[in-house]
Amino acid sequence: DTGVSQNPRHKITKRGQNVTFRCDPISEHNRLYWYRQTLGQGPEFLTYFQNEAQLEKSRLLSDRFSAERPKGSFSTLEIQRTEQGDSAMYLCASSSDGLYQETQYFGPGTRLLVL
Amino acid sequence: AQSVTQLDSHVSVSEGTPVLLRCNYSSSYSPSLFWYVQHPNKGLQLLLKYTSAATLVKGINGFEAEFKKSETSFHLTKPSAHMSDAAEYFCVVSGYGQNFVFGPGTRLSVLP
Chain P
-12 DTGVSQNPRH KITKRGQNVT FRCDPISEHN RLYWYRQTLG QGPEFLTYFQ
38 NEAQLEKSRL LSDRFSAERP KGSFSTLEIQ RTEQGDSAMY LCASSSDGLY
88 QETQYFGPGT RLLVL
Chain V
99 AQSVTQLDSH VSVSEGTPVL LRCNYSSSYS PSLFWYVQHP NKGLQLLLKY
149 TSAATLVKGI NGFEAEFKKS ETSFHLTKPS AHMSDAAEYF CVVSGYGQNF
199 VFGPGTRLSV LP
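Put into structure tokens, the structure is as follows:
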């Protein structure tokens, strides 16, 4: 399977704990995006990488959130001191560069539940 | 700034009848527009996209959408609904180099 993969698929944690999610994009894609989707809503943009450079961060991404893409391949999203409001589906997407806004291909997501 | 309005949060149709899911957008740029579908417990799948070429865009599974600049609309249609079309549908607007802005989604129910 050469699509976008995310691990873990599900995570249950207690409030105050740290969690880390991993995203493996489609191998030839140099752009990688993180989104958050809460129940009944559309995905909301969190952050975006072009190769290893983090080029944009949403105001939704508080200081407790950090994302990395150290070698321009896989990416990690860490949430420190989780809160119940962090419970959501975290989606990763990747795309190539192009003349137009390229299609983003989405992974299956990591569903986080903070107790 | 860009935004998307999906005028119906829920649409219910009978199998074999036409589907219309409405989307209006706001964009400061010449937008790219997408429709994605999300089946329960599955990832988002691209249905179709518009990137300033033909205004009538054909996608997968018999879906199509028409870009109307004067109406700032990008409605999704299908001539005949199938049970497997039941899912959540998201309209997305983006400009070149910009991030995707998703609409709130429309849940499509297909009745036998």
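Listed in order, the protein sequences are those of chains P and V.
Each residue of the first sequence is one higher than the one before, starting from -12 at the first, in the numbering used here.
Each residue of the second sequence is one higher than the one before, starting from 99 at the first, in the numbering used here.
Ideal Cβ placement from N, Cα and C applies to all residues, glycine included.
Bear in mind the structure is a predicted one, so any value in this text is a computation, not a measurement.
Secondary structure at S182/V: helix, using DSSP grouped into helix, strand and coil.
Residue pairing for R23/P: DSSP places it in a beta bridge opposite E31/P and Y77/P.
Note that the region 174 to 187 of chain V does not touch the region 3 to 21 of chain P; fewer than 3 beta-carbon pairs, one per stretch, sit closer than 8 angstroms. Nearest Cα to C121/V within the set F198/V, P138/V and K166/V: K166/V.
Counting the other CB atoms within 10 Å of its CB gives S126/V a total below 16, which places it among the exposed residues.
Under a 10 Å Cβ-count criterion, D84/P is classified as exposed, with fewer than 16 other Cβ atoms of the shown protein chains found around its own Cβ. Counting of Cβ neighbours within 10 angstroms places D50/P among the exposed residues, the total staying below 16. Annotation for R9/P: the continuous beta strand (DSSP E) segment containing it runs V6 to D11. If you ignore the 5 residues before and after Q71/P, its C-beta comes within less than 7 angstroms of the C-beta of R2 and V101, all in its own chain and listed in chain order.
Secondary-structure assignment with DSSP links R18/P through a beta bridge to Q37/P and S82/P.
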